[in-house]
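Worksheet: one structure, shown below.
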Amino acid sequence: MREVRFPDGTVVRAAALDEREVNAAWRQHGLYLDARWSPTWPAQLVDWPDLATPSDDRAATEAIQHAFALAADGTHVEVGCLAGRGRTGTVLACMAVLAGVPAAGAVDWVRRHHTPGAVEGSAQEAWVLAFAERVGADGQ
């Protein structure tokens, strides 16, 4: 599990499924990209196939915005998928855009601040740019 601090000061924790802590006292909300997380705590599950992009762009966009807003307000938010790299990295790159990182540099930012393997493939990279367009943000 890794803590990711965005340029605006917002903090989230990113995790792989094998790091799942059922009774983590610190966690107040989760955003999960894999149903195997099976959260019993306040959370949103997004239908997002491994190594791909979300099944529903609008639902994923809204879930990312909601989780980021909670984290920005001080709620302890966890983001996770199976390995904690591809889908989780894509969400973190989108959150980086919301935190002020230019969309064109968001994937590189996450690879420097989370893990070098974050955001797996050109489709996920393109989804970050499309997310920025959907929310009208480009890190400005």
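Start counting the sequence shown at 282; every next residue gets the next number (this note's numbering).
Just so it is clear, CB atoms sit at the ideal spot from N, CA and C, and this is done for glycine as well.
With distance defined between alpha-carbon atoms, name the residue in the options nearest to residue i.
i      : options                        : result
Arg393 : His347, Ala407, Phe349, Ala377 : Ala377
Ala385 : Pro288, Phe412, Ala350         : Phe412
Pro397 : Glu414, Pro288, Leu373, Ala306 : Leu373
Ala407 : Asp299, Thr334, Trp307, Gly355 : Thr334
Leu298 : Ala305, Met282, Arg308         : Met282
Please tell me whether residue i and residue j are closer than 8 Å, where the distance is taken between their beta carbons.
i      : j      : result
Val285 : Ala296 : no
Val358 : His310 : yes
Gly365 : Trp318 : no
Ala352 : Val293 : yes
Ala344 : Gln325 : yes
Gly367 : Leu332 : yes
Val409 : Ala387 : yes
Leu363 : Asp328 : no
Val391 : Ala404 : no
Thr321 : Val303 : yes
Val268 : Pro288 : Because the chain is modelled from 282 through 421, residue 268 falls outside the range shown and cannot be assessed.
Provide the residue(s) that pair with residue i in DSSP beta bridges, ordered along the chain.
i      : result
Gly311 : Ala324, Glu359
Arg283 : Ala295
Tell me the start and end of each unbroken alpha helix (DSSP H) in the stretch 354-402 that is at least 4 residues and wholly inside, in chain order. 367-379, 384-394
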